[in-house]
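For reference, the structure discussed in these notes is given below.
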Amino acid sequence: MQDIDTTKPIVVLTGAGISKESGLDTFRDADGIWSKVRIEDVATPEAFARDPDRVQAFYNARRQGLLGANVAPNPAHKALAKLEQHWPAGVLLVTQNIDDLHERAGSRFLIHMHGELLKARCSACGDITTCQGDLSRADRCIACGVSGQVRPHVVWFGEMPLEMERIEDALMACGLFISIGTSGNVYPAAGFVETVRQFGTGHSIELNLEPSLGASAFDDAKYGPASEVVTAYVDDLVAQL
Ligand code: BJW
2 MQDIDTTKPI
12 VVLTGAGISK
22 ESGLDTFRDA
32 DGIWSKVRIE
42 DVATPEAFAR
52 DPDRVQAFYN
62 ARRQGLLGAN
72 VAPNPAHKAL
82 AKLEQHWPAG
92 VLLVTQNIDD
102 LHERAGSRFL
112 IHMHGELLKA
122 RCSACGDITT
132 CQGDLSRADR
142 CIACGVSGQV
152 RPHVVWFGEM
162 PLEMERIEDA
172 LMACGLFISI
182 GTSGNVYPAA
192 GFVETVRQFG
202 TGHSIELNLE
212 PSLGASAFDD
222 AKYGPASEVV
232 TAYVDDLVAQ
242 L
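If you read the sequence shown in my numbering, its first letter stands for residue 2, the second for the next number, and so on.
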């Protein structure tokens, strides 16, 4: 393994692949979510305006799936929590995932750039609340009292991902950028490796089942199931300390 500057922070980006071995579907694999439903029907603001019941049903089913007894963090989530505990200069975990498996594994410094399935947001006043049950068109916002405007706290296509300024500052300052379980189809996350290359000095590595669309932009790569490659890579990093 290449020597990594232990005096600089690490930024980790995760995607749906890290949660696959925890029982959650990816989006673009052959059996993925987008093979069963169309993006235009469930994951845009226009879809929600056109057919809120359908969009709520899609997220209600995924929320209940996430809360099911068979979904739990896997060794890759746990390895990243261990990295956070050990890396002296700090680790910022940026996840595209709306599940809460990183939190359940013990990660504390994380940004959900595409939102969180276990939260709801009022489009009228912006109030965000925790949410474990089903959402519906009849829901009334507890903050402003408006009904029909409570939606999943997720980022759909055409909407601005969350905390982008903080993420970009961290990418430019990091000594290591690790991208895990993401296909590189969706921007701005797919462009993070280019930000590190152009504006930062950090080493970059992709850990994925197979090369992503942006694989050639990384300095290094290891391929295999996240539970194996992430665990081994984190063990090697921590052994350098
Ligand atoms: C394993 C594994 C195992 C499997 N172990 N690995 C034209 C050009 C460029 C950009 C655009 C464009 N037209 C439109 C855009 C912008 C658009 C976009 O990117 N579109 C593309 C489709 C082209 N992006 C947006 O609209 C975003 N907003 C935006 O850009 O705002 C403007 C802006 C301007 C300036 C600065 C910043 C912003 C918003 C994107 C919102 C995405 N939302 C979703 C849904 C969220 C809620 C939900 O979950 O339902 O987010 S879509 C979906 O894709 C979800 C994911 O987070 C996201 C990424 O998917 P991910 O994680 O990569 O999953 P997969 O399935 O694609 O890949 C899984 C990988 O894991 C695969 O490689 C497998 O091999 C691997 N794997 N098992 C390890 N066991």
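Every residue gets a Cβ at the ideal spot worked out from N, C-alpha and C, and that includes glycine.
Residue i Cβ short of 7 Å to ligand 1 heavy atom set
i: residue 130; result: no
i: residue 1; result: The shown model of the chain, from 2 to 242, leaves out residue 1, and the question about it has no answer.
i: residue 223; result: no
i: residue 1; result: Absent from the structure is residue 1, since the part of the chain shown begins at 2 and ends at 242.
i: residue 143; result: no
i: residue 27; result: yes
i: residue 94; result: no
i: residue 163; result: no
i: residue 72; result: no
i: residue 226; result: yes
i: residue 66; result: no
i: residue 16; result: yes
i: residue 158; result: yes
i: residue 206; result: no
i: residue 81; result: no
i: residue 172; result: no
i: residue 44; result: yes
i: residue 111; result: no
Host beta strand (DSSP E) of residue i (start-end)
i: residue 33; result: Taken as a continuous stretch (DSSP letters only), residue 33 belongs to no beta strand (DSSP E), as it is neither H nor E.
i: residue 224; result: 221-224
i: residue 99; result: First-last for residue 99: undefined, no H or E at that position.
i: residue 19; result: No beta strand (DSSP E) holds residue 19; the alpha helix (DSSP H) holding it covers 18-21.
i: residue 8; result: Here residue 8 belongs to no beta strand (DSSP E), and DSSP marks it neither H nor E.
i: residue 156; result: From DSSP, residue 156 is part of no beta strand (DSSP E); its letter is neither H nor E.
i: residue 181; result: 177-181
Best match in the options for proximity to residue i [C-alpha to C-alpha]
i: residue 114; options: 95, 207 and 220; result: 95
i: residue 23; options: 102, 137 and 231; result: 102
i: residue 176; options: 196, 164, 159 and 72; result: 196
i: residue 185; options: 241, 16, 5 and 12; result: 16
i: residue 53; options: 136, 105, 93 and 128; result: 136
i: residue 126; options: 133, 139 and 143; result: 143
i: residue 44; options: 63, 32 and 149; result: 63
i: residue 51; options: 9, 25, 33 and 149; result: 149
i: residue 92; options: 100, 81 and 98; result: 81
i: residue 247; options: 138, 178 and 56; result: Residue 247 lies beyond the range of the chain shown here (2 to 242); nothing can be said about it.
i: residue 188; options: 173, 158, 199 and 180; result: 158
i: residue 57; options: 32, 120 and 27; result: 120
i: residue 98; options: 88, 194 and 112; result: 112
i: residue 132; options: 12, 68 and 237; result: 68
Endpoints, the alpha helix (DSSP H) within which residue i is located
i: residue 108; result: Premise fails: residue 108 is in no alpha helix (DSSP H) and is neither H nor E.
i: residue 87; result: 76-87
i: residue 49; result: 46-51
i: residue 232; result: 227-240
i: residue 192; result: Unbroken run through residue 192: none, as it is neither H nor E.
i: residue 172; result: 165-174
i: residue 41; result: 40-43
8 Å Cβ cutoff, residue i in contact with chain C
i: residue 153; result: Protein chain content of the structure displayed is limited to a single chain, and chain C is not contained in it.
- Query: Are at least three pairs of beta-carbons, each pair with one atom in the stretch 30-37 and one in the stretch 187-204, less than 8 Å apart?
  - Reply: These segments do not touch.
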